[in-house]
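Going by numbering that gives the first Met the number 0, the final residue of the sequence shown carries number 143, and the count climbs one at a time with no gaps.
In this text, a Cβ means the ideal position worked out from N, Cα and C, and glycines have one as well.
Note that the structure is a prediction, hence the values are computed from the model and not measured.
Taking it in order: structure first as structure tokens, then the write-up.
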Amino acid sequence: MTKNCDMKEAFEPNEINWDYNQFKLTNFTKKVLHFGKHSSLNFKDMTDFLSEYSHIDLLVIKSYYFFSKFLLDKPDFKIAIEKMGFGPHEFELAFQFKNWYQKLFRLNKKLQERYESTLRKLKPIKNTNLICAQVRIGDPGHIG
């Protein structure tokens with residue numbers, strides 16, 4: 000799924016099964032919409048928007064903008080978002096990434112055991128503080 004990394008070697012599906020190879024998708028419909036300054040995508044009337052795309056199985060909205068705030072500013076969308084159980088701060092992108100990650104992934108058994116073993120060594124007492132940092136210098140051969 001990513002360069003030189005098969006996610007299945009480290010992760011397994013958690014609440015949402017992301018391993019699309021397990022599913023036979025016949026007649027699966029996908030629509031990609033672009034949202035930006037010069038796009039024709041219009042969120043003015045949520046009822047029209049949802050009815051226009053209700054027949055699509057997967058609707059992808061690509062944007063250079065964080066449009067979650069934009070959706071919250073629209074009264075119809077704000078009501079729909081709150082009905083889904085999200086408060087205004089929970090619909091922010093940072094919260095959603097964390098939420099999606101937790102719903103999608105969990106370490107496989109082998110890595111979970113290694114993680115717990117390493118954590119016991121790093122934090123021998125339960126209330127020990129663990130302070131860490133990560134420095135990423137890029138992939139081998141990657142410039143930039």
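Hey, out of the options, whose CA is closest to residue i's CA?
i, options, result
"residue 64", "92, 85 and 112", "92"
"residue 33", "53, 20 and 59", "59"
By the DSSP assignment, the beta strand (DSSP E) with residue i in it spans what residues?
i, result
"residue 10", "10-12"
"residue 34", "29-34"
"residue 103", "From DSSP, residue 103 is part of no beta strand (DSSP E) but of the alpha helix (DSSP H) over 92-103."
May I have the straight-line CA-CA distance separating residue i from residue j, to the nearest angstrom?
i, j, result
"residue 51", "residue 15", "26 Å"
"residue 124", "residue 117", "13 Å"
"residue 79", "residue 103", "23 Å"
"residue 31", "residue 66", "15 Å"
"residue 97", "residue 13", "13 Å"
"residue 107", "residue 94", "24 Å"
"residue 90", "residue 71", "8 Å"
"residue 119", "residue 130", "14 Å"
"residue 111", "residue 61", "34 Å"
"residue 18", "residue 109", "19 Å"
"residue 82", "residue 133", "38 Å"
"residue 22", "residue 127", "44 Å"
"residue 35", "residue 122", "47 Å"
Would DSSP call residue i helix, strand or coil?
i, result
"residue 54", "coil"
"residue 106", "strand"
"residue 156", "No answer is possible for residue 156: the residues shown for the chain start at 0 and end at 143."
Under 6 Å Cβ to Cβ from residue i, same chain only, skipping five residues before and after it: list those, please.
i, result
"residue 10", "104"
"residue 29", "57"
"residue 25", "none"
Where do the N-terminal and C-terminal ends of the alpha helix (DSSP H) with residue i fall, by residue?
i, result
"residue 125", "Careful: residue 125 lies outside any alpha helix (DSSP H) and carries neither H nor E."
"residue 85", "Taken as a continuous stretch (DSSP letters only), residue 85 belongs to no alpha helix (DSSP H), as it is neither H nor E."
"residue 70", "66-72"
Should residue i be flagged as near chain B, meaning a C-beta pair shorter than 8 Å?
i, result
"residue 53", "Considering every chain present, this structure includes no chain B. It has just one protein chain."
Give me, in chain order, the residues of the same chain whose beta-carbon lies closer than 7 Å to that of residue i; leave out the 5 immediate sequence neighbours on both sides.
i, result
"residue 87", "71"
Excluding the five sequence neighbours on either side, which residues of its own chain have a C-beta within less than 8 Å of the C-beta of residue i, listed in chain order?
i, result
"residue 115", "none"
"residue 27", "56 and 57"
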